[in-house]
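Protein chains: 6
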Amino acid sequence: MRLLLINPNTTQTMTDLMVREAGKLLSPGTELKAVSGRFGGRYVSSRATYAIAGHAALDAYAEHGADVDAVALACFGDPALLALKEIAHQPVVGMAEASCLTAAAMGGRFAIVTGGERWGPMLREFVALMGMSERLAFVQTVAPTGADIAREPERALGLLADACRACVTEHGADSVILGGAGLAGLATRISDKVPVPLIDGLAACVRMAEHLARTGAGKAKVGSYARTPPVESVGLGKPLARLLADS
Amino acid sequence: MRLLLINPNTTQTMTDLMVREAGKLLSPGTELKAVSGRFGGRYVSSRATYAIAGHAALDAYAEHGADVDAVALACFGDPALLALKEIAHQPVVGMAEASCLTAAAMGGRFAIVTGGERWGPMLREFVALMGMSERLAFVQTVAPTGADIAREPERALGLLADACRACVTEHGADSVILGGAGLAGLATRISDKVPVPLIDGLAACVRMAEHLARTGAGKAKVGSYARTPPVESVGLGKPLARLLADS
Amino acid sequence: MRLLLINPNTTQTMTDLMVREAGKLLSPGTELKAVSGRFGGRYVSSRATYAIAGHAALDAYAEHGADVDAVALACFGDPALLALKEIAHQPVVGMAEASCLTAAAMGGRFAIVTGGERWGPMLREFVALMGMSERLAFVQTVAPTGADIAREPERALGLLADACRACVTEHGADSVILGGAGLAGLATRISDKVPVPLIDGLAACVRMAEHLARTGAGKAKVGSYARTPPVESVGLGKPLARLLADS
Amino acid sequence: MRLLLINPNTTQTMTDLMVREAGKLLSPGTELKAVSGRFGGRYVSSRATYAIAGHAALDAYAEHGADVDAVALACFGDPALLALKEIAHQPVVGMAEASCLTAAAMGGRFAIVTGGERWGPMLREFVALMGMSERLAFVQTVAPTGADIAREPERALGLLADACRACVTEHGADSVILGGAGLAGLATRISDKVPVPLIDGLAACVRMAEHLARTGAGKAKVGSYARTPPVESVGLGKPLARLLADS
Amino acid sequence: MRLLLINPNTTQTMTDLMVREAGKLLSPGTELKAVSGRFGGRYVSSRATYAIAGHAALDAYAEHGADVDAVALACFGDPALLALKEIAHQPVVGMAEASCLTAAAMGGRFAIVTGGERWGPMLREFVALMGMSERLAFVQTVAPTGADIAREPERALGLLADACRACVTEHGADSVILGGAGLAGLATRISDKVPVPLIDGLAACVRMAEHLARTGAGKAKVGSYARTPPVESVGLGKPLARLLADS
Amino acid sequence: MRLLLINPNTTQTMTDLMVREAGKLLSPGTELKAVSGRFGGRYVSSRATYAIAGHAALDAYAEHGADVDAVALACFGDPALLALKEIAHQPVVGMAEASCLTAAAMGGRFAIVTGGERWGPMLREFVALMGMSERLAFVQTVAPTGADIAREPERALGLLADACRACVTEHGADSVILGGAGLAGLATRISDKVPVPLIDGLAACVRMAEHLARTGAGKAKVGSYARTPPVESVGLGKPLARLLADS
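Chains as they are written, first to last, in the working numbering: chain A, 28 to 274; chain B, 28 to 274; chain C, 28 to 274; chain D, 28 to 274; chain E, 28 to 274; chain F, 28 to 274.
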């Protein structure tokens with residue numbers, strides 16, 4: 028099985044970190060191809076950089092998505108997730124999406140802990156878009172961005188563990204998601220300090236991508252997730268322009 | 028990895044069918060142990076038999092759940108799902124739950140097709156309990172029960188394909204779940220007649236159980252899904268009485 | 028008029044307490060028959076004992092429900108309430124259900140105070156199943172279980188009054204339900220300490236059962252609350268097996 | 028026990044009809060006092076006459092509400108229901124409110140059948156205000172108004188029975204409310220033609236008023252349903268002006 | 028363009044204040060006619076005075092609404108708003124309605140700050156009736172009523188600014204509405220103390236009325252906001268009686 | 028007052044059409060500056076072109092947004108609306124947003140009629156994101172896209188009028204929005220064929236932009252719509268890169 032991991036921001040070290048961590052998680056026989064965004068913010072933690080990252084994710088898919096079995100959109104918050112599901116020939120799953128679906132299976136309500144204070148309302152809106160707001164106990168952001176945390180994870184561990192515990196004791200979370208590309212791999216290091224199941228965003232994303240690839244469920248031929256009629260465009264990267272013109 | 032599949036009704040041939048079909052789906056290295064309910068209706072398609080099946084599922088877990096890595100509650104509608112999540116030491120996933128979570132990852136809204144006319148409102152209530160009603164396009168039941176379909180699958184294939192297509196054309200479903208123990212394995216036989224992704228309930232359940240086992244997310248130590256204080260009981264099967272007394 | 032009160036846990040002293048208290052409430056001419064569960068936990072304050080109590084409630088109805096005019100399911104949280112409504116020939120009302128409907132008529136939002144810390148999320152889910160979450164201000168549990176309170180009510184009165192007042196001052200409740208078999212009769216003893224209408228769960232349940240019996244509204248002949256087609260079973264109590272086979 | 032029935036429209040024959048029908052329903056020892064609105068539309072079937080009827084209901088309560096045990100607001104749609112609950116010293120229940128609460132206890136979703144085409148959206152909004160929209164299957168209005176039906180009930184019986192059946196077969200209602208002052212007493216005449224429980228609005232209202240009077244739950248001393256600080260007014264009926272000035 | 032401003036309470040000085048403030052806001056060429064209620068409470072801050080004010084608003088429209096282009100219902104909370112929309116020949120907008128729609132366009136969630144403690148639940152219910160509860164962050168009432176504030180605005184400014192800031196810091200509001208006839212014009216005096224957009228209720232109302240008048244969208248000819256069939260009445264002001272009889 | 032109209036697709040003739048139509052609508056003294064997207068699909072009627080158009084809208088604002096009083100995002104569906112509200116120094120309103128807010132003020136539920144079949148679910152999701160789903164009666168798409176309709180409006184008029192009427196008669200709409208850049212100006216030509224208020228998307232957008240500019244409500248200094256901390260980027264247009272780096 029071949030997976031394409033798209034990091035829709037433009038920081039290659041973040042992509043490299045995720046490739047390293049994902050390597051520990053993949054089933055035997057799964058190959059991972061990873062790409063970063065060609066353009067956009069160094070990291071995504073505002074509505075504007077998020078909107079740009081959506082375009083970058085589509086651009087990356089158009090260039091690299093030809094021969095994979097599933098796509099993992101590896102930016103917690105999942106820019107252009109539904110557009111990727113529409114345009115891709117394969118199953119696509121986002122990191123926040125996979126985390127929420129996995130956490131939901133733990134029972135009760137889940138909380139999300141992530142880096143970057145602007146993510147709070149954006150993630151609540153994302154969960155609402157998924158129709159899962161009833162399952163969301165809280166979104167707890169910590170001040171350092173995911174990029175900050177990736178650079179100095181040791182300094183963030185205590186802060187993150189405190190945030191996770193607060194979700195449980197103050198907001199009644201039955202499970203906690205540790206979300207964000209920059210936090211990949213940290214869940215296992217603090218899970219003993221959190222009294223409910225702790226979900227690692229990258230692990231949920233990669234394994235859910237494998238799960239979806241195995242379902243063999245096929246591409247919709249009608250409706251909102253079928254391919255669209257061809258449309259001309261201007262000023263786009265060639266692979267994306269071609270994908271739009273062919274679809 | 029060891030999975031326990033609990034069929035909470037009392038029809039062993041249904042359990043055998045699921046074991047056969049699940050055999051085709053398991054990852055290398057996954058072992059499956061399967062048990063049927065000790066008591067209750069031959070099949071579950073009313074609120075009363077559903078309530079009884081919840082007790083039977085707990086009874087079966089108490090007797091057989093000691094040394095497995097995850098539990099698959101394999102009756103579509105998932106009797107006592109939350110009670111099992113509370114009492115079990117391992118992750119537990121129900122067939123309807125796993126199907127809904129998998130279908131959600133296809134994007135848009137999913138429909139459910141299953142056998143037995145009384146399941147309609149019961150499944151709508153189940154999806155509401157999961158907090159996922161916004162993602163549900165429709166529940167389409169066909170008259171034969173799951174047990175009827177398991178006995179004569181050939182006769183049901185056309186009926187089921189028609190029901191799936193109606194979910195798409197009349198109710199706008201972006202994916203369809205073929206749910207029910209008795210329908211295990213039928214999705215692959217009609218998927219070419221359904222223009223959107225078709226989810227097989229048993230496959231979703233077994234693979235989601237594997238996914239959850241791999242997360243290693245651990246048992247809640249506090250909250251609604253932690254083990255409960257010990258409670259005395261009367262008139263229960265010994266393993267269940269012991270499990271309640273120990274918990 | 029004849030009412031059947033089902034206490035679906037297995038503590039006869041709790042049933043006796045409710046019979047004593049209900050005696051003060053009944054209209055002239057109403058007779059009360061009361062039964063306890065044949066099997067299950069001594070008290071119900073977990074998801075597992077709740078699921079078992081649902082089976083026990085059906086079992087009790089099957090044995091004792093033949094010639095009554097209405098059924099009062101007298102365990103706050105109402106295990107198998109909808110299954111009883113399906114299978115019974117008479118109107119069935121649960122203690123939590125009757126309390127919520129009565130409190131709703133006070134205007135605004137109601138709170139629930141009950142014993143046993145695990146009831147919090149379970150009652151929130153129950154109210155959601157009733158479609159009345161918008162009317163629920165809060166569920167406040169106190170640490171002693173209903174069984175503890177029934178044994179030593181004097182010790183609990185202050186604790187319960189404090190909990191009721193907190194629902195008003197901190198959560199804006201316009202009325203408060205004092206719920207739980209073990210709390211039967213306590214509302215009148217603390218109502219002068221609570222500045223909003225205080226609803227006694229047992230009183231609401233018994234009087235709502237009388238109200239429903241008087242409507243003479245009849246059993247549904249179609250739909251989700253009509254009797255179901257007969258189904259064979261194994262391992263059940265004889266009256267329940269017969270009821271399923273006849274229905 | 029003394030009940031005050033307020034008919035907030037200005038048609039005395041409608042009040043008389045309700046007194047006649049209510050006489051068949053009251054418990055031994057219950058006395059009924061009934062009043063019509065002093066001003067307003069002859070019947071209420073628009074948003075404007077509804078708003079005026081709310082004022083008229085308060086005016087009637089102020090004049091006649093002194094020494095009763097509960098108030099029945101007997102216009103289906105319940106103008107100024109929450110204002111009456113605020114201002115009255117006793118429990119107040121509306122005809123639509125009582126009907127919805129009673130129907131809810133039948134399980135599943137209820138439908139409403141009433142006369143006057145403009146009531147459709149108004150009743151959906153009323154049910155939403157009660158926070159019970161999830162329990163509402165449908166509102167089916169018939170063209171004749173309640174006043175028309177009261178004048179010639181025989182002509183309307185077939186129409187009403189057809190409307191009730193349509194709620195069941197087309198909209199999946201598990202019970203049906205026959206609402207409206209002008210329809211008082213008709214439910215018993217068509218209930219054998221409707222395959223689910225049929226709720227008579229007036230019966231639900233009067234009996235729920237008795238139920239609430241018996242709870243002895245008391246008037247809120249704080250919050251949105253407590254009495255308000257005194258307020259001066261101009262141009263109102265004297266009793267209402269006095270009630271506002273005293274409250 | 029001619030606007031009719033209806034102040035449905037009976038305090039002429041409040042109407043005069045609004046006329047003064049509105050004069051600063053109107054587009055060139057807009058004329059404003061303003062009327063107070065003929066009957067009802069001196070101010071509206073309870074459910075009872077609110078219900079009466081609804082009737083008074085209709086009465087005022089009937090007398091003064093003949094030749095205007097739009098109607099501004101200038102009591103924050105908008106008594107009988109939907110009835111006015113039904114009965115009026117022109118677009119009608121309420122002060123709370125216009126404020127909520129304007130605040131919504133700021134993005135995110137809005138809070139409401141107003142005078143009079145009883146308005147809290149009433150405004151939450153109003154926002155729910157508008158179907159906009161998801162956009163509402165909080166309703167913060169201050170103890171002085173709108174009438175008190177209108178008499179001594181200097182004393183209230185600090186209190187109001189504190190309340191607005193609390194909505195932002197404690198409840199996450201992205202904008203704040205300063206609502207209430209008595210608070211007209213105060214927003215500009217405290218906006219520099221509030222770190223998010225501050226909406227003045229009267230300004231939103233008057234300008235939204237101009238906006239609606241300009242759309243020229245016309246009166247509904249069918250449905251719930253079309254004129255109703257004529258209805259006889261008793262005891263009403265002559266213009267209102269005539270309007271009902273003609274409609 | 029100066030408005031910036033952003034057409035985030037790349038068809039200049041569509042922008043020109045909107046400038047022509049907007050000219051008829053503006054208040055005296057309002058100047059309109061209009062820009063098209065620099066890159067992206069010729070028209071937007073899929074999730075992918077929508078995501079790209081969001082980036083293009085930000086890019087256009089960064090280049091042209093310096094000295095205007097409000098921004099009108101003139102693509103019905105409003106790509107990157109919330110990101111523009113975040114990044115802009117002025118009030119921003121989208122065409123679909125303004126239309127929904129204006130239609131809401133008509134009372135009851137509104138429907139949307141637009142061109143391009145893929146818009147149906149996308150617009151339902153947009154309305155949900157606005158938290159206004161309860162007010163939405165239906166989205167009716169017609170097969171020709173907005174671009175097709177703009178080219179040959181005469182051919183589409185009958186189709187559009189039929190679609191509007193269907194929204195009223197089949198889905199109970201109390202008002203209808205004619206949405207889409209390509210449909211600008213058509214509402215006045217069919218409004219006499221639609222029995223409820225008909226809202227022109229462009230008119231609602233431009234006038235709401237004027238309304239917001241007049242409120243002078245100011246930019247949020249905290250929260251989700253305040254400017255964000257500066258972030259570096261790669262591969263973006265210079266003005267947008269600078270705006271992100273400065274913000």
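Even glycine gets a Cβ: it sits at the ideal position worked out from N, Cα and C.
Run through the DSSP bridge pairs and tell me what Arg29 (chain D) is partnered with. Answer by DSSP bridge pairing, in chain order: D:Glu58.
Would you list, in sequence order, the uninterrupted alpha helix (DSSP H) runs of no fewer than 4 residues that lie entirely inside the segment 108-192 of chain E? For the segment 108-192 of chain E, whole alpha helix (DSSP H) runs of length 4 or above, ordered along the chain, are 108-114, 122-131, 146-156, 173-178.
Tell me the residue span of the beta strand (DSSP E) that contains Ala99 (chain E). Its beta strand (DSSP E) spans residues 97-100.
Leu213 (chain D) (DSSP reduced to helix, strand or coil): Leu213 (chain D) falls in the coil class under three-state DSSP.
List the residues of chain C whose Cβ lies closer than 9 Å to the Cβ of Val261 (chain B), in chain order. By Cβ distance, chain C contributes Thr37, Gly64, Arg65, Phe66, Gly67, Gly68, Arg69.
What residue from C:Ile114, C:Ala231, C:Trp146 has the CA that sits closest to Leu52 (chain C)'s CA? Across the set C:Ile114, C:Ala231, C:Trp146, the C-alpha of C:Ala231 shows the shortest separation from the C-alpha of Leu52 (chain C).
Pull the bridge partners of Ser63 (chain F) from the DSSP assignment, please. Looking at the DSSP output, Ser63 (chain F) bridges to F:Asn34.
Could you have a look at Val15 (chain A) and say whether DSSP puts it in helix, strand or coil? Residue 15 (chain A) lies beyond the range of chain A shown here (28 to 274); nothing can be said about it.
Cα separation between Gly228 (chain D) and Gly121 (chain D)? So the alpha carbons of these two residues sit roughly 9 Å apart.
Are any of the Cβ atoms in chain E nearer than 8 Å to that of Arg241 (chain F)? Closer than 8 Å to some Cβ of chain E, the Cβ of Arg241 (chain F) qualifies, so yes.
Straight-line gap, Thr215 (chain F) to Phe153 (chain F) (C-alpha atoms, nearest Å): Straight through space, the alpha carbons of Phe153 (chain F) and Thr215 (chain F) are spaced by roughly 25 Å.
Please compile the residues from chain H whose C-beta is within a distance smaller than 7 Å of the C-beta of Arg74 (chain B). No chain H is present in this structure, whose protein chains are A, B, C, D, E and F.
Taking contact to mean 3 or more Cβ pairs, one atom from each stretch, closer than 8 Å, check whether the segment 233-242 of chain B and the segment 91-105 of chain B are in contact. Cβ pair count under 8 Å is three or more, so yes.
Going by Cα to Cα distance, which pick from C:Lys265, C:Val233, C:Leu271 is closest to Glu58 (chain C)? For the set C:Lys265, C:Val233, C:Leu271, the Cα lying nearest the Cα of Glu58 (chain C) is the one of C:Val233.
Between the Cα of Gly64 (chain F) and the Cα atoms of F:Gly147, F:Leu32, F:Pro55, F:Gly50, which residue gives the shortest distance? Of all alpha-carbon atoms in F:Gly147, F:Leu32, F:Pro55, F:Gly50, the one lying nearest the alpha-carbon of Gly64 (chain F) is that of F:Leu32.
Beta-carbon within less than 6 Å of Val258 (chain A)'s beta-carbon, same chain only, minus the 5 sequence neighbours each way: which residues are those? Here the set comprises Leu271.
According to DSSP, is Asp105 (chain B) helix, strand or coil? Coil at Asp105 (chain B), not helix or strand.
Nearest-angstrom Cβ-Cβ length linking Ser251 (chain E) and Arg145 (chain D), presumed shorter than 8 Å: That pair is a contact at about 7 Å.
Give a yes or no on contact between the segment 255-269 of chain E and the segment 36-48 of chain F, applying the rule of three or more CB pairs nearer than 8 Å. The segment 255-269 of chain E is not in contact with the segment 36-48 of chain F.
With DSSP as the reference, label Val261 (chain F) as helix, strand or coil. Val261 (chain F) falls in the strand class under three-state DSSP.
Chain B partners of Ser160 (chain C), CB-CB under 7 Å? The CB of Ser160 (chain C) never comes closer than 7 Å to any CB in chain B; the least such distance is about 11 Å.
Residue range of the unbroken beta strand (DSSP E) whose run includes Val203 (chain A): Start and end: 202-205.
Taking only beta carbons into account, state which residues of the segment 136-160 of chain A come closer than 8 Å to chain F, listed in chain order. For the segment 136-160 of chain A, the beta-carbon criterion of a distance under 8 Å to any beta-carbon of chain F is satisfied by Arg145, Gly147, Pro148, Met149, Glu152, Ala155, Leu156.
Are there 16 or more other CB atoms within 10 angstroms of the CB of Gly68 (chain A), so buried, or fewer, so exposed? With 16 or more other Cβ atoms within 10 Å, it is buried.
Residues that Ala61 (chain D) contacts on chain C, provided the C-beta gap is smaller than 9 Å: Contact annotation for Ala61 (chain D) against chain C: no contact, minimum CB-CB distance about 20 Å [criterion: below 9 Å].
Compute the distance between the beta-carbons of Leu213 (chain D) and Leu184 (chain D), then report whether it is under 8 Å. Yes. Within cutoff.
Could you check whether the segment 77-86 of chain C touches the segment 35-44 of chain B, counting it as contact only if at least three pairs of C-beta atoms, one from each stretch, sit closer than 8 Å? Fewer than three Cβ pairs drawn from the segment 77-86 of chain C and the segment 35-44 of chain B lie within less than 8 Å of each other, which leaves the two stretches out of contact.
Beta-bridge pairing of Gly277 (chain A) - partner residues as DSSP gives them: Outside the shown range of chain A, which is 28 to 274, sits residue 277 (chain A), and nothing can be said about it.
Limits of the unbroken beta strand (DSSP E) element including Leu225 (chain B): Where Leu225 (chain B) is concerned, the enclosing beta strand (DSSP E) stretches over 225-227.
For Val169 (chain B) versus Ala190 (chain B), is the C-beta distance shorter than 8 Å? Going by C-beta atoms, Val169 (chain B) is nearer than 8 Å to Ala190 (chain B).
Look at the alpha carbon of Val223 (chain D) and the alpha carbon of Leu128 (chain D), and state the distance between them as a whole number of angstroms. Between Val223 (chain D) and Leu128 (chain D), the C-alpha separation is close to 16 Å.
Do Ile139 (chain F) and Ala244 (chain E) have their C-beta atoms closer together than 8 Å? Result no, Cβ atoms of Ile139 (chain F) and Ala244 (chain E) do not sit closer than 8 Å.
For chain E, is any of its Cβ atoms less than 8 Å away from the one on His238 (chain F)? Chain E contact via Cβ: present.
For the putative contact between Met149 (chain E) and Gly104 (chain E), defined by C-beta atoms under 8 Å, what is the C-beta separation to the nearest angstrom? Taking the Cβ atoms as the reference, Met149 (chain E) lies roughly 6 Å from Gly104 (chain E), within the contact range of under 8 Å.
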